[in-house]
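Undergrad:
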Amino acid sequence: MPFYALNLETGALRLPDLRGMYAEAAGFDGLDVGGVHGDTVRNVTGGFTSGGPQHVGTLSMPLGAFTLTNEDFPVNYAAGVGMARTDFYVYAKMDLSRVVPVGNANKPRAFGVLPCVYLGKPAS
Numbered sequence: 013m014p015f016y017a018l019n020l021e022t023g024a025l026r027l028p029d030l031r032g033m034y035a036e037a038a039g040f041d042g043l044d045v046g047g048v049h050g051d052t053v054r055n056v057t058g059g060f061t062s063g064g065p066q067h068v069g070t071l072s073m074p075l076g077a078f079t080l081t082n083e084d085f086p087v088n089y090a091a092g093v094g095m096a097r098t099d100f101y102v103y104a105k106m107d108l109s110r111v112v113p114v115g116n117a118n119k120p121r122a123f124g125v126l127p128c129v130y131l132g133k134p135a136s
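With my numbering applied, the sequence shown closes on residue 136, and no number is skipped along the way.
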């Protein structure tokens, strides 16, 4: 949470370093005045198969958002390919939540602000 401190030597208010952050109206998404939330993206999931047992070795080292599972597909899936029931595909799954913060919306880093308007004295 950003903090504000009075510099007693100069009488000035020291403000937090908010570079790289966006101002967002407080009171939405549980963001309080002065509160901070980090950047998030929506989770993206998906996957693909190895293309058959002859290509399984090409997916042997998953990195980052990828994981591997052995999927034993039914024989009719491989009909005409000459695969036995013991042959299998490898399925590579992708899940971005393994490597980045995820949330319900794509949001940059932001801090909560309370907009204020100073009307001052009317001109005479």
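Beta carbons are placed, not taken as given, at the ideal position from N, Cα and C, and that holds for glycine.
Using DSSP bridges, identify the partner residues of A37.
TA: V125
Undergrad: Determine the closest residue to G115 out of D41, T22, P134, G58, with distance taken between C-alpha atoms.
TA: It is D41 whose Cα lies nearest to the Cα of G115.
Undergrad: Closer than 6 angstroms by C-beta to Y103: which residues in its own chain qualify, once you throw out the five before and the five after it? Chain order, please.
TA: G59, T61, T81, E83
Undergrad: Going by CA-CA distance only, name the one from M106, V48, A117 that's closest to L75.
TA: M106
Undergrad: Taking C-alpha atoms, which residue in L43, V129, L27, V56 lies nearest to V111?
TA: V56
Undergrad: When burial is assigned at 16 or more other CB atoms within 10 Å of the CB, is G158 buried or exposed?
TA: This structure does not reach residue 158, given that the chain is present from 13 up to 136, and the question cannot be answered.
Undergrad: My understanding is that D29 touches A38, with C-beta atoms under 8 angstroms, so please give their C-beta distance in whole angstroms.
TA: So it is not a contact: roughly 19 angstroms between Cβ atoms.
Undergrad: Thinking C-alpha only, which one of G132, D51, M73, K133 is nearest R121?
TA: D51
Undergrad: Less than 8 angstroms between the C-beta atoms of R31 and A17, yes or no?
TA: no
Undergrad: Which same chain residues end up closer than 8 angstroms to P127 when comparing Cβ atoms and leaving out the 5 residues on each side of it in sequence?
TA: A37
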